[in-house]
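Structure, as structure tokens:
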Amino acid sequence: MDNKLKAIIDLGSLKAKMTVFDTQTFDVVLQKSYLTLLGKSMSEDGLIIEEAFSRLNEALLNIKNELENLGCEDLKFIATESLRLAKNKEEVFKLVEKYFSGQTVTILDQSLEGEMFFRVVSRCFIDQPIVTMDVGGGSVQILLGSFNGKQDQHLIDNKYLYKTGTYKLQQKYSPDNSIISHDFEKVFFDIHEEFRSLNVTNDVLVFGSTCMQDFLEEAGVALYNDRPAKKHPSYTTVSDLKKLLTDIRQYPPDSRNHFYPRGEYFIYGADYLLANVIEAAESLNAKYIYPTNMNSSYGFI
């Protein structure tokens, strides 16, 4: 057993994400994700479908093997939008118990989900107001606040909680991954209406989570290095994100992998992620848009 290691397993609407940390250095030792589709067809009857349970079963087996190989026994399961809504979430708990005896799943309410992300990211932007945006498969959390370096604490001024997650929108507007959806433009109206309560402005927007720095770098987006922050060396702009969105939209979801080969199924809904970020950035009048590889799991180390 390696006492330095701790694993956080996040059961999201699209994927199960495993992050293993070195608790002494806070470095990421291993990070993997497994497609589970827990949120698939969720809006229809509030039930996780059999396909998702099958995928989750396989994912948990793989996670168990990975952790055993690392000698990592300290772990925590968290879950977000899909399990907040699922009527049959007990079946998920039983699967977790099957592979990890004694383990329970902590279901984060949406407010706490956003706050955990803010706590982690704000430490990289000390003594300045920032907006964090955590875009998940089922929900989106936008928080305005700051981190006080002298007092070593974060201050949250506003929280905005929305239901425009990427996988939820993808199911609605792009159910067929083999074609370019002609309904995509409608998503901007949906997001704009949802974001009507976002009535603040701020220069700095940090969006995630998990792989956004890697995604933008591999996709070839223009990144600027004149305002580096801790763990966030570069930012981009609304116009650059719009260009990437236009480029991605030239291809159906299952033919976009060249934009981010390591991202696997992430790229299928990347256009809906970008639509969320662009709408938020324009509403905020954000000048500096920082992608982050961090996620709320860091807050549980």
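The working numbering numbers the first residue of the sequence shown as 65 and each following residue consecutively. We put the CB at the ideal spot given by N, CA and C, even for glycine. These figures come from a predicted structure and were not determined experimentally.
- Counted as a single uninterrupted DSSP element, the beta strand (DSSP E) harbouring THR170 occupies residues 169-171.
- For ALA80, the secondary structure class from DSSP, reduced to helix, strand or coil, is strand.
- Distance from the CA of ASN357 to the CA of GLY272, rounded to the nearest whole angstrom, comes to 7 Å.
- Annotation: ASP91 to ALA286 spans about 27 Å, alpha carbon to alpha carbon.
- For the beta strand (DSSP E) assignment, the uninterrupted runs of no fewer than 3 residues enclosed by the region 255-305 are, from N- to C-terminal side, 268-272.
- Residue ranges of uninterrupted alpha helix (DSSP H) with 4 or more members, entirely inside the region 210-255 and ordered along the chain, are 230-237.
- Per DSSP, the unbroken alpha helix (DSSP H) holding LEU131 starts and ends at 114-134.
- Remark: C-beta atoms of ALA345 and VAL302 approach each other more closely than 8 Å.
- For ALA143, the beta-bridge partners assigned by DSSP are LEU75, ILE171.
- Annotated as proximal: VAL341 and LEU305, with beta-carbon spacing under 8 Å.
- Using a Cβ distance threshold of 8 Å, GLY201 and TYR231 count as a contacting pair.
- For LEU280 against PRO355, the beta-carbon gap comes to about 5 Å, under 8 Å, which counts as contact.
- About 7 Å separates the beta carbons of ASP254 and THR228, which is inside the 8 Å limit, making them a contact pair.
- About 4 Å separates the beta carbon of ASP138 from that of LYS70, a gap short enough to meet the 8 Å contact definition.
- Setting aside the 5 residues that flank it on each side, LYS153 is surrounded in the same chain by LEU147, each with a C-beta closer than 6 Å to its C-beta; the list follows chain order.
- According to the DSSP assignment, TYR332 belongs to no alpha helix (DSSP H), since it is labelled neither H nor E.
- Contact annotation: ASN263 and ALA350 have beta-carbon atoms that are not nearer than 8 Å.
- Rounded to the nearest angstrom, the gap between the Cα atoms of ASP311 and SER165 is 46 Å.
- Exclusion of the five residues before and after GLY213 leaves ILE190, ASP191 as the residues of its chain whose Cβ lies within less than 8 Å of its Cβ.
- Residue pairing by DSSP places TYR352 opposite VAL268 in a beta bridge.
- Closest option to SER242, judged by alpha-carbon separation, among GLY135, ARG187, SER210, GLN314: GLN314.
- By a beta-carbon distance limit of 8 Å, LYS128 does not contact TYR98. Their separation comes to about 12 Å.
- ARG183 and LEU348 have their C-alpha atoms spaced approximately 20 Å apart.
- In the structure shown, the three-state DSSP call for LYS104 is coil.
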